[in-house]
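Notes follow the structure.
Number of protein chains: 2
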Amino acid sequence: MAFTMKEVVERTGISPYTLRFYEKEGVLPAVDRDANGVRKFSDHYVDCVEMVQALRSTGLPLAEIKEYAELYKSGNRTLPLRKMMLLSQKNKVEDQISRLMKALEKLNYKLALIDAQENRFERLP
Amino acid sequence: MAFTMKEVVERTGISPYTLRFYEKEGVLPAVDRDANGVRKFSDHYVDCVEMVQALRSTGLPLAEIKEYAELYKSGNRTLPLRKMMLLSQKNKVEDQISRLMKALEKLNYKLALIDAQENRFERLP
DNA sequence: TTACCGGGTTACAGTTGCTCGAAGTCAAAT
DNA sequence: ATTTGACTTCGAGCAACTGTAACCCGGTAA
Numbered sequence: 585m586a587f588t589m590k591e592v593v594e595r596t597g598i599s600p601y602t603l604r605f606y607e608k609e610g611v612l613p614a615v616d617r618d619a620n621g622v623r624k625f626s627d628h629y630v631d632c633v634e635m636v637q638a639l640r641s642t643g644l645p646l647a648e649i650k651e652y653a654e655l656y657k658s659g660n661r662t663l664p665l666r667k668m669m670l671l672s673q674k675n676k677v678e679d680q681i682s683r684l685m686k687a688l689e690k691l692n693y694k695l696a697l698i699d700a701q702e703n704r705f706e707r708l709p
Numbered sequence: 585m586a587f588t589m590k591e592v593v594e595r596t597g598i599s600p601y602t603l604r605f606y607e608k609e610g611v612l613p614a615v616d617r618d619a620n621g622v623r624k625f626s627d628h629y630v631d632c633v634e635m636v637q638a639l640r641s642t643g644l645p646l647a648e649i650k651e652y653a654e655l656y657k658s659g660n661r662t663l664p665l666r667k668m669m670l671l672s673q674k675n676k677v678e679d680q681i682s683r684l685m686k687a688l689e690k691l692n693y694k695l696a697l698i699d700a701q702e703n704r705f706e707r708l709p
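Listed in order, the protein sequences are those of chains A and B.
Residues 585 to 709 in the working numbering are what the first sequence lists, from first letter to last.
Residues 585 to 709 in the working numbering are what the second sequence lists, from first letter to last.
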């Protein structure tokens, strides 16, 4: 199952610029190419892309994602370290979620104020 | 109630660099100064800072926060527009939260895999 | 055949949102 | 007297893209 660049872009929502950028930076491994040098992405590669995307979406810097990828390549010896990284990131994500919830509350509060304000206008003689 | 820069930094967690940057960019209004040109922040100003922080923490670009601030300055005439901005941002925040939840699930899944892996090691003869 | 399309390459400039250092001023505190 | 901690402007640097330029290459359609 080999995907084209276009398909991977559709599947992941990551732009081709970014995919190439990740590859260049070593965040993603070098992609297989066909005879013409055209990238063909394997299922497993797409899984990698999705993992990078997930980590990135939590704000983990590329440098650390790269580190994680390298640990992954180094085999099972690095499992405990990778586990620690994931646990630490899990905590950060939980923090982020609660911060977003707070922001959401603030937004709702502001919206409620605006509603009150609007109703005051409507009640003017 | 006037606060010093230091107090505002402590209260909001925003760095002095960033506060000055926001002011310079017009995201925050010009601050009152004392005779020596030292910034003194009013209660209301700190509220503004917190609103900017909340909006920013949701990923709203500074340009749009600035726009919002300008609408705010223009008075009640702009209420409906501001309401729409807040509603749109509310939706985005909800999206973000659900994306983070997904990322969290993925992390938990990976962690579960690692646990399974670790247990397999422990069971080796 | 020619034209176009969609892919490839390198290289580099631009954007956003900070983050920080340099280099200087000034006033109050030790 | 000196240190502390504000302030100023300017400008560089960073992360993570995002996009442009200028080129190549192979397959398909008119």
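Even glycine gets a Cβ: it sits at the ideal position worked out from N, Cα and C.
In the DSSP assignment, what residue or residues form a beta bridge with residue i?
i	result
B/K624	B/D616
A/A586	A/S626
So, for residue i: in the same chain, excluding its five sequence neighbours on each side, which residues have a beta-carbon less than 8 Å away from its beta-carbon?
i	result
A/R623	T588, M589, V615, D616, R617
B/C632	L612, P613, A653
B/L585	According to the sequence displayed, residue 585 of chain B carries Met and not Leu. The residues are S626, D627.
B/V630	F587, V592, R595, T596
A/Q680	T642, G643
Nearest-angstrom Cα distance between residue i and residue j?
i	j	result
A/G597	A/T642	16 Å
A/E702	B/L663	8 Å
A/Q673	B/L688	9 Å
B/S682	B/E594	30 Å
A/L660	B/Q637	Per the sequence shown, residue 660 of chain A should be read as Asn rather than Leu. Roughly 42 Å between the two C-alpha positions.
B/L695	A/L671	8 Å
A/P600	A/V592	9 Å
B/K686	A/A619	37 Å
A/S658	B/I698	15 Å
B/G621	B/L646	26 Å
A/L691	B/L691	29 Å
A/R704	A/L665	59 Å
A/Y693	B/Y693	35 Å
For residue i, which option in the options has the closest C-alpha, if you only look at C-alpha atoms?
i	options	result
A/K650	A/A619, A/K608, A/F625, A/R704	A/K608
B/A700	A/K667, A/E689, A/Q701, A/G621	A/K667
A/L603	A/M585, A/F625, A/A619	A/F625
B/V611	B/G621, B/M669, B/A696, B/L655	B/L655
A/M635	A/Y606, A/G659, A/G621	A/Y606
A/V677	A/R640, A/A647, A/R704, A/I698	A/R640
B/E648	B/V630, B/M669, B/S658, B/Y629	B/M669
A/E675	B/D679, B/Q680, B/L684	In the sequence under discussion, the amino acid at residue 675 of chain A is Asn, which differs from the Glu named in the question. Answer by Cα proximity: B/L684.
Please return the same chain residues whose Cβ sits closer than 7 Å to the Cβ of residue i, not counting the five positions on each side in sequence.
i	result
B/L644	Q673
Next on the checklist: As an exercise, report each continuous alpha helix (DSSP H) stretch of at least 4 residues that is fully enclosed by the segment 636 to 704 of chain B, in chain order.
Outcome noted: 646 to 657
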